[in-house]
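Everything on this sheet refers to the single structure shown next.
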Amino acid sequence: MIEHDPAVKRIIKFALEEDLGFGDLTTDAIVSQEANGQATLVAREELVLAGLPIFGMVFFEISPEIESEVYYREGDFVPAGKNVCVVKGPLSSILKGERTALNFLQRMSGIATLTRQYVERAGPSKVRVLDTRKTVPGLRVLDKYAVRIGGGFNHRFGLFDGILIKDNHIAAAGSITKAVQLTKKNAPHTVRVEVEVEDLAGVVEAVKAGVDSILLDNMQPGEVKKAVELVNGRVILEASGGINLDIIEDMAKTGVDFVSIGALTHSAKAADFSLEIISEPGGTP
C-alpha cells in the first residue's frame with residue numbers, strides 16, 4: 681500500500697519542511713493551539729480520485745489527532761460539487777497542512793483523471809496504456825501510483841529496473857544490432873531487452889538482433905499496423921511519441937501491445953478541489 685512506502689513518507693516530510701519552515705506565521709498569530717475545527721474536501725469538477733491516503737498522511741504528520749471521514753475511495757469517479765471527505769482535529773494543524781495536502785491530491789487526481797480518459801478512449805482492445813519516466817523529479821512514486829489508480833500501467837520505474845536502448849544509445853554503439861549485442865553481453869540475462877526504432881527497417885533489424893520488445897517511436901497508426909503485421913507476434917510492440925486523445929483509439933486498433941504516453945505525468949492538469957474550513961466556537965483568541 682502506498683501509505684507504507686518509506687519513500688512516500690520522506691516526500692511528505694520534505695514537502696512540509698519546505699512549506700512550514702520554522703512555522704506558520706499567519707496561523708500561529710490568529711488561531712489558538714487549543715481550537716478544534718473541521719474541513720470539508722470538495723471536488724469542484726468531475727475527476728478520478730487519487731492520492732487520498734497521501735492527503736491524510738500530510739495531516740497526520742502534523743498532528744496525529746487529526747481524523748478523517750471518507751466518502752469516496754481511490755479510483756472512484758467523483759462528480760463536481762461532491763464532498764470527498766471531512767477532516768477533523770486541531771484547527772491550526774489543519775490550516776498548516778492544507779496547501780501541501782491539496783497540492784499532492786490535485787496533482788495525483790489530475791494524473792488519474794487523464795489516464796482514465798486515455799484508457800476509456802482505447803476501448804476494449806488488448807492494448808495497455810503505460811506511463812514513462814517523464815515525471816516530476818522526486819515525485820515519481822506518486823505519479824506512477826496515480827497512473828495505476830487511473831487504470832493505466834507502469835513502464836520501468838527508473839534506469840535500474842529495465843533496459844531500453846534509445847536513439848542515443850544506438851548512436852553510441854553504431855547500430856541497433858551492435859547495441860543489442862553489447863547489452864546481451866554485459867547486462868543481466870534476466871532483464872528483458874527493449875529497443876527504440878523509428879521505421880520499419882529498424883523493426884526488421886531489431887527482430888533479427890533478438891530483442892524482446894520494440895518501441896515504435898513517433899509512428900502513425902498506419903505504420904504501427906504494418907509493424908504489427910511484420911512482427912506477427914514474435915516480439916512485444918510498444919507505440920510511443922505523439923499519442924494523444926485524438927489518435928489513441930486508432931492506435932489501439934492497430935493490434936500493438938502497449939502505448940506509452942508521457943503526457944499522463946508531464947501534462948496532466950491539476951484536479952480542482954477546495955478545502956472549506958469551519959472553526960468551532962472559541963477557535964480564535
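Counting in this note's numbering, the sequence shown tops out at residue 965, every number present. All C-beta atoms, glycine included, are put in the ideal place defined by N, C-alpha and C. These numbers come from a predicted model, not from an experiment.
To the nearest whole angstrom, what separates the beta carbons of residue 895 and residue 920, a pair I think is in contact under 8 Å?
By one-based count along the sequence shown, residue 895 stands at place 215. By one-based count along the sequence shown, residue 920 stands at place 240. Between residue 920 and residue 895 the Cβ distance is about 5 Å, and since that is below 8 Å, they are a contact.
Whole angstroms is fine: what's the gap from residue 880's alpha carbon to residue 800's?
As a working mapping, residue 880 is identified with position 200 in the sequence shown. As a working mapping, residue 800 is identified with position 120 in the sequence shown. If you take the alpha carbons of residue 880 and residue 800, they lie about 29 Å apart.
Let me make sure I understand the geometry here. Which of 820, 865 and 917 has the alpha-carbon closest to that of residue 687?
Reading the sequence shown from its first residue, position 7 is the one you call residue 687. Of the listed residues, the one whose Cα sits closest to residue 687 is 820.
Does DSSP put residue 922 in a helix, in a strand, or in coil?
By one-based count along the sequence shown, residue 922 stands at place 242. In this structure, residue 922 counts as coil in the three-state DSSP scheme.
Taking 8 Å as the threshold (C-beta atoms), are residue 739 and residue 781 in contact?
Residue numbering aside, residue 781 sits at position 101 when the sequence shown is read from its first letter. Residue numbering aside, residue 739 sits at position 59 when the sequence shown is read from its first letter. Yes, they are a contact pair.
State the Cα-Cα distance for the pair residue 766 and residue 703, rounded to the nearest angstrom.
Numbered from its first residue, the sequence shown carries residue 766 at position 86. Numbered from its first residue, the sequence shown carries residue 703 at position 23. Distance between the alpha carbons of residue 766 and residue 703: 24 Å.
Which residues in the same chain as residue 938 place their Cβ atom closer than 6 Å to its Cβ, once the five residues preceding and following it in sequence are excluded?
Within the sequence shown, numbered from 1, the residue matching residue 938 stands at position 258. Same-chain partners within the cutoff: 808, 810 and 918.
With 16 as the cutoff for other CB atoms within 10 Å, does residue 733 come out buried or exposed?
Translated into positions along the sequence shown, residue 733 becomes position 53. Its Cβ being crowded by 16 or more others within 10 Å, residue 733 is buried.
What is the DSSP secondary structure of residue 809, counted as helix, strand or coil?
Sequence index remark: in the sequence shown, residue 809 carries index 129 (1-based). The answer is strand: DSSP assigns residue 809 an E or B state.
Pick out whichever of 785, 889 and 742 has its Cα sitting closest to the Cα of residue 701.
As a first step, residue 701 is located in the sequence shown; it is residue number 21 there, counting from the start. Nearest option by C-alpha distance: 742.
Under 8 Å Cβ to Cβ from residue 964, same chain only, skipping five residues before and after it: list those, please.
Translated into positions along the sequence shown, residue 964 becomes position 284. Caution applies to residue 964, whose pLDDT of 43 falls short of 50 and renders its modelled position unreliable; the model cannot decide the point.
Which runs of the beta strand (DSSP E) fall wholly inside the region 774 to 832 and span at least 3 residues, in chain order?
Within the region 774 to 832, the complete beta strand (DSSP E) runs of at least 3 residues are 808 to 810.
Measuring only the C-alpha atoms, how far is residue 837 from residue 946?
In the sequence shown, the residue the question calls residue 837 occupies position 157. In the sequence shown, the residue the question calls residue 946 occupies position 266. Going from the Cα of residue 837 to the Cα of residue 946 covers about 15 Å.
Measuring only the C-alpha atoms, how far is residue 793 from residue 771?
Sequence index remark: in the sequence shown, residue 793 carries index 113 (1-based). Sequence index remark: in the sequence shown, residue 771 carries index 91 (1-based). Roughly 31 Å between the two C-alpha positions.
I'd like the list of long-range same chain contacts for residue 901, defined as Cβ closer than 6 Å, with 5 residues on each side in sequence excluded.
As a working note, residue 901 is residue 221 in the sequence shown. Contacts found: 930, 931 and 934.
Here's a check: name, in chain order, each residue in its chain whose Cβ is nearer than 7 Å to the Cβ of residue 883, leaving out the five neighbours to either side.
Reading the sequence shown from its first residue, position 203 is the one you call residue 883. 877, 894, 907, 910 and 911.
Which full runs of the alpha helix (DSSP H) of 4+ residues lie inside the region 880 to 931, going along the chain?
With a minimum length of 4 residues, the continuous alpha helix (DSSP H) runs that stay inside the region 880 to 931 are 880 to 889 and 901 to 911.
In or out: residue 823 buried (at least 16 other Cβ within 10 Å) or exposed?
The residue you call residue 823 lines up with position 143 of the sequence shown. Label assigned to residue 823: buried.
Please identify the residue among 853, 690, 760 and 943 whose C-alpha is closest to the C-alpha of residue 827.
Translated into positions along the sequence shown, residue 827 becomes position 147. When only C-alpha atoms are compared, the closest one is 943.
For residue 665, name the three-state secondary structure that DSSP assigns.
No answer is possible for residue 665: it lies beyond the span of the chain, which begins at 681 and ends at 965.
In whole angstroms, give me the CA-to-CA distance for residue 763 and residue 717.
If you number the sequence shown from 1, residue 763 lands on position 83. If you number the sequence shown from 1, residue 717 lands on position 37. One C-alpha to the other measures close to 17 Å.
Is it buried or exposed, residue 835, if we count other Cβ atoms within 10 angstroms and call 16 or more buried?
What you label residue 835 is simply residue 155 of the sequence shown in a count that begins at 1. Buried: at least 16 other Cβ atoms inside 10 Å.
Could you tell me the alpha carbon to alpha carbon distance between residue 707 and residue 796, rounded to whole angstroms?
In the sequence shown, the residue the question calls residue 707 occupies position 27. In the sequence shown, the residue the question calls residue 796 occupies position 116. Cα-Cα distance, rounded: 38 Å.
Check whether the Cβ atoms of residue 745 and residue 769 lie closer than 8 Å to each other.
Reading the sequence shown from its first residue, position 65 is the one you call residue 745. Reading the sequence shown from its first residue, position 89 is the one you call residue 769. Yes, these two residues count as a Cβ contact at 8 Å.
Look at the alpha carbon of residue 757 and the alpha carbon of residue 872, and state the distance between them as a whole number of angstroms.
Position 77 of the sequence shown, counted from the first residue, corresponds to residue 757. Position 192 of the sequence shown, counted from the first residue, corresponds to residue 872. When rounded, the distance between both Cα atoms is 36 Å.
Taking C-alpha atoms, which residue in 806, 897, 855 and 693 lies nearest to residue 635?
Because residue 635 is not part of the residues shown, which for the chain are 681 to 965, the question remains open.
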